[in-house]
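These notes concern the structure reproduced below.
Protein chains: 2
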Amino acid sequence: MKDGIPLEIDVVEASASKIGSVDFDNLIFGNIFTDHMMVCDYVNGEWQAPSIQPYGPIQLEPSAKVFHYGQAIFEGMKAFKDDEDQVWLFRPEANFERFNRSSKRLAIPEFPKDMFFEGLETLLNLDREWIKKGFGNSLYIRPFVIATEPGVSASPSKTYKFMIICSPAKAYYSGEVRVVFAEKFSRAADGGVGYAKAAGNYGAQFYPTNLAKEEGFQQIVWTDANTHEYLEEAGTMNIFFRVGNKLITAPTSDRILDGVTRKSVITLAEEFNIPVEVRRVKVQEIVEAAEKGELKEIFGAGTAATINPVKGFGHAGKKFELPEQEDSYASFFKSKLMAIQYNKTEDKFGWRYAVKER
Amino acid sequence: MKDGIPLEIDVVEASASKIGSVDFDNLIFGNIFTDHMMVCDYVNGEWQAPSIQPYGPIQLEPSAKVFHYGQAIFEGMKAFKDDEDQVWLFRPEANFERFNRSSKRLAIPEFPKDMFFEGLETLLNLDREWIKKGFGNSLYIRPFVIATEPGVSASPSKTYKFMIICSPAKAYYSGEVRVVFAEKFSRAADGGVGYAKAAGNYGAQFYPTNLAKEEGFQQIVWTDANTHEYLEEAGTMNIFFRVGNKLITAPTSDRILDGVTRKSVITLAEEFNIPVEVRRVKVQEIVEAAEKGELKEIFGAGTAATINPVKGFGHAGKKFELPEQEDSYASFFKSKLMAIQYNKTEDKFGWRYAVKER
Ligand SMILES: Cc1ncc(COP(=O)(O)O)c(C=O)c1O
Ligand SMILES: Cc1ncc(COP(=O)(O)O)c(C=O)c1O
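Okay, structure coming up:
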């Protein structure tokens, strides 16, 4: 809606659906995309009318600024289907707001909220069949913007392409996850773009993560670039530590992504009287807690991974395994979150967002 | 050449040249591209046979990793034509080596040296007419690699596209350049990708640079992210300070690009007995030198900008103007460098690289 008038979204439907060829029981994360995508171009200083088109390739000049200067940001959200075939999003306004915070930091024009939701909901309705019922099934939604202006002078693009593409999803990690605490490499600088979902933040982690994998760790828990003494977050998840019965996580900052899952966990912890401390987390403190047997759990929190238990960690050449917990916080939060996401429980905090059929 | 056998480069010539439509006297940096481009794909764990094709758009999946994770790096070089129509590159091996250092840090497979030079020289020969004679004219050469694999899981791409595109160039900056010393934002973290020509490093600077422009500064001189007490480099140039008759520049590190122009200036300074100190440069020291009238010059050094005098700087809300210098170091180094680049003088250090006609 714009000034009370429904937004016109031009829809070109795919001539045939690919859905029949998809093996929904054996999905690899982010590999297959639905039949449609949303596209909106920024030209002449304005976002133009958005459209929904059949999913397919795009054409760009080889000099398009996204290729040279990484002027690109994205979001990650999920849609869930309940037993009555109703489709739900989880706190999508938080993603939308972060989308524009990221855009601003990358000098990308902010995207209008009405277009975002109108386009997204039209798209989800068209591809509704791709959202499967059942715990663990979801549709991963990837809104993003790329700088399209041709030209290799290092300055902001004058044109952009906004898109939403969607991918049916099950689990993000296929096996057990162990992490290593960063000692040399780092993810973000103070005064940098760490808090934004800037494309360049991710590619920059691949090489250190490859090195970590060679040591048997699937992910790195980044530490502050300055001293490497404080634990911050992982590549695609915020990180929680359970010491005794206390939950600890780093505060957000300009280096750390303000995760939607993270803040939902904090709210749930407070609701269920789980003591939670949002403060700087010393590497030393966690290592000592592990040595004393007080470190009960580490888990990651993120849209793609949901709540991901961490089986062990490495630091300074030492490896630590974490014991199975009977009363695992990770399982507790995961089930609480999923109950809300799949409409199995009341929605006390107003986190569910219904995608109405149209 | 590979094992002594000349590399086969498939060449598809453009049916017509665009060169007639180009106003070479009024070029805007990086806006116009020559008739051809080099393309090479990485598939099945190997760089395939490169080709030269007419310059034109490329097609990618919207889920291509470069759009989402900024897995992309580039280089910037220039070709110069002398009075005898001979085409020269300036220290291209240094760019090639840095290209692969950048690739490695971004988990991109390194590119073979023989393919790089064979392709580049074939391309330059085809587009030889685009390289104009005369001081200040050049062809800006942009080799780059982008991650092309479709899929939104945050992991390195399995496929890549290497390209070289070329743009006829005159000056990079069209007007006077004033800089501001960073106090809040930063460009790179210790242990990060600052030393690489990673795409994401550049887009991340656009927003702070826009803010600087509003204050009347064209560029930011980045300081260390940790304390903002030490001057590092600008967005596309290394920075030199002349205090009295002494030249000072920051050492390279994992935050600072190892600029080819920078190291050439250092070598020339040594040759011409200009005292040069490569060491950490305190903001305070430069501000005090300016206040005492001892700061004679600031200039930037980079391929695109060559040697760029800085007319003034800002710090902590104060603005400083730099006096005109009769015996300007900036002019001195610029003319020395250009004399080598345009084959007007002997090439004592072996920096010139002849692009043979074929
Ligand atoms: C760097 C980073 N940290 C944390 C998260 C988790 O954030 P959210 O819970 O909003 O998905 C993500 C993924 O979005 C991320 O990319
Ligand atoms: C960040 C940065 N610093 C410095 C430079 C200057 O390096 P060079 O002299 O090799 O062009 C460049 C440009 O290449 C750059 O991008």
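Keeping their order, the protein sequence lines are chains S and E.
Our numbering applies: residue 1 is where the first sequence begins, and numbers increase by one.
Our numbering applies: residue 1001 is where the second sequence begins, and numbers increase by one.
Glycine residues also receive a C-beta, built at the ideal position from the N, C-alpha and C atoms.
Distances from the CB of residue 1257 of chain E to the heavy atoms of ligand 2 include at least one below 6 Å. Between ligand 1 and residue 237 of chain S, a heavy atom-to-CB distance of less than 6 Å is present. Among the residues of chain S, those whose CB is under 7 Å from the CB of residue 1188 of chain E are 189, following chain order. For residue 1079 of chain E and residue 1140 of chain E, the gap between their C-alpha atoms comes out near 7 Å. For residue 1320 of chain E, the closest of E/1327, E/1333, E/1297 by C-alpha to C-alpha distance is E/1297. Here residue 1021 of chain E carries a helix assignment [DSSP, helix/strand/coil]. Counted as a single uninterrupted DSSP element, the beta strand (DSSP E) harbouring residue 169 of chain S occupies residues 160 to 169. Around residue 315 of chain S, the same chain offers 181, 287 as residues with beta carbons nearer than 6 Å, after the five sequence neighbours per side are excluded. Within the same chain, and ignoring the five residues on either side of residue 1307 of chain E in sequence, the residues whose Cβ sits closer than 7 Å to its Cβ are 1299, 1301, 1330, 1333, 1334, 1337. A check of alpha carbon separations from residue 1066 of chain E across E/1160, E/1238, E/1110 identifies E/1160 as the nearest. The C-beta of residue 317 of chain S has fewer than 16 other C-beta atoms within 10 Å across all chains shown, which makes the residue exposed.
With the criterion set as a beta carbon lying under 7 Å from some beta carbon of chain S, the members of the segment 1037 to 1062 of chain E are 1037, 1057, 1058, 1059, 1060, 1061, 1062, in sequence order. Among the bridge pairs identified by DSSP, residue 1228 of chain E is matched with none. Exclusion of residue 1297 of chain E from the 6 Å shell around ligand 1 follows from its C-beta lying no nearer than that to any non-hydrogen atom of the ligand. The segment 1094 to 1105 of chain E and the segment 235 to 244 of chain S do not touch, with fewer than three beta-carbon pairs separated by less than 8 Å. Within the same chain, Cβ atoms closer than 6 Å to the Cβ of residue 1266 of chain E are found at 1276, the five residues on either side in sequence being excluded. At least one heavy atom of ligand 1 is found less than 6 Å from the C-beta of residue 302 of chain S. Using a cutoff of 6 Å, the CB of residue 260 of chain S counts as near ligand 1, since one of the ligand's heavy atoms is closer than that. Counting only runs of 4 or more residues that sit fully inside the segment 1003 to 1070 of chain E, the alpha helix (DSSP H) segments are 1065 to 1069, in chain order. The beta carbons of residue 157 of chain S and residue 1029 of chain E sit no closer together than 7 Å. With a threshold of 16 other beta carbon atoms within 10 Å, residue 48 of chain S falls short and is exposed. Nearest C-alpha to residue 1170 of chain E among E/1136, E/1193, E/1146: E/1136. Residue 207 of chain S belongs to the set of residues whose beta carbon lies under 7 Å from a beta carbon in chain E. A check of alpha carbon separations from residue 1016 of chain E across E/1063, E/1118, E/1126, E/1051 identifies E/1126 as the nearest.
Taking the beta carbon of residue 1247 of chain E as reference, no residue of chain S falls within 8 Å; the closest one sits roughly 25 Å away.
Between residue 1230 of chain E and chain S, the shortest Cβ-Cβ separation is not below 7 Å.
Per DSSP, the beta bridge partners of residue 1354 of chain E are E/1088. Residues are counted here when their Cβ sits less than 9 Å from a Cβ of chain E; for the segment 193 to 204 of chain S these are 193, 194, 196, 198, 199, 200, 201, 202, 203, 204, given in chain order. Between the C-alpha atoms of residue 130 of chain S and residue 168 of chain S there is a straight-line separation of about 6 Å.
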